[in-house]
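Numbering (the numbering used here), first residue to last: 1057 to 1240.
Using N, Cα and C, we set each Cβ at its ideal position, and we do this for glycine too.
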Amino acid sequence: MNQQSFNLIDRLQVRTAMLAIGRSTLRSQGAKGMVAEARRFLRNVDLNLFAVGTSEQFLAVLDKQTSLLASQFPDGGRGNWGAARKSINIFLRDVFYCRPLCEHYNLAVLESWLEVPLDSNVHEGLLNDATNDVVAWPGVKALTPVVGGQLQSTASAVAKSLGVARVHLDVRYWRKAALDELEG
């Protein structure tokens, strides 16, 4: 029998990075190789960095990691803040949903701080659910920190009205028509 060491937490992080960032996640974002780079970055990110005590500290770490990933994308995609933020937000959501990873890194406190991953489906959902005006959707590629922040604020208000954290809105809006059809 092969007695190689097996690090479950490390393997779960690799698996989560692979599953979180599919081909469609970063389609048309500027360059070939962006999916592979996002997966590599997320596979290697130190999740201990996110185990912080305040929402301000979390946002500072999230902003720094977003900038780092955006700077590591291949030429043609380098600097794409929207693609980097979307990738990290999907990954962190999936880490939060993965009990062993969430418990190992003490990330349960993040639930109310996690952002909803922004894309056209989420924007459409916010348009339908928000009681106030929603900023126009620029597309992931053109998303900026300012517009992203405005959309996250809208998402927070919608999530509050639904009694959930905003990160969970992705479950409500992702492929909504197909999921609604399955539910009957």
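Residues near residue i by beta carbon distance below 8 Å, same chain, minus five either side
{"i": "L1170", "result": "N1145, L1148, R1149, F1152, A1221, R1222, V1223"}
{"i": "T1122", "result": "W1137, A1140, R1141, I1144"}
{"i": "Q1206", "result": "V1191"}
{"i": "G1195", "result": "G1138, S1176"}
{"i": "C1154", "result": "L1068, T1072"}
{"i": "S1127", "result": "R1134, G1135"}
Beta-carbon proximity check, residue i vs residue j, cutoff 8 Å
{"i": "D1226", "j": "V1191", "result": "no"}
{"i": "V1117", "j": "L1105", "result": "yes"}
{"i": "V1214", "j": "D1185", "result": "yes"}
{"i": "L1163", "j": "A1107", "result": "yes"}
{"i": "F1114", "j": "L1064", "result": "no"}
Cβ neighbours of residue i in the same chain (closer than 6 Å, five flanking residues each side left out)
{"i": "S1143", "result": "I1077, A1094"}
{"i": "L1082", "result": "M1090, V1091, A1139"}
{"i": "L1157", "result": "L1068, V1151"}
{"i": "L1208", "result": "One detail in the question is off: residue 1208 reads as Gln in this sequence, not Leu. The residues are E1171."}
{"i": "Y1229", "result": "N1177, V1178, G1181"}
{"i": "P1130", "result": "A1087, G1089"}
{"i": "S1168", "result": "A1221"}
Sequence-distant residues of the same chain with beta carbon closer than 7 Å to residue i, five excluded per side
{"i": "R1079", "result": "V1091"}
{"i": "H1160", "result": "I1065"}
{"i": "S1111", "result": "W1169"}
{"i": "P1201", "result": "W1137"}
{"i": "A1211", "result": "V1172, L1182, R1222, L1225"}
Near the ligand SAM: residue i beta-carbon under 7 Å from a heavy atom
{"i": "V1220", "result": "Within the structure as shown, the ligand SAM is missing, as the structure has no ligands at all."}
8 Å Cβ cutoff, residue i in contact with chain E
{"i": "L1183", "result": "In the structure shown, chain E cannot be found, because there is only a single protein chain."}
Q: Report yes or no: do the stretch 1130 to 1142 and the stretch 1080 to 1100 share at least 3 C-beta pairs separated by less than 8 Å?
A: Under the Cβ criterion (8 Å, minimum of three pairs), the stretch 1130 to 1142 counts as touching the stretch 1080 to 1100.
Q) Using 8 Å as the threshold, is the stretch 1066 to 1082 in touch with the stretch 1099 to 1112, meaning 3 or more CB pairs across them? A) In short, these stretches touch, since the Cβ pair count reaches three.
Q: Mind listing, in chain order, the continuous beta strand (DSSP E) runs of no fewer than 3 residues lying wholly within the stretch 1105 to 1171?
A: With a minimum length of 3 residues, no continuous beta strand (DSSP E) run stays inside the stretch 1105 to 1171.
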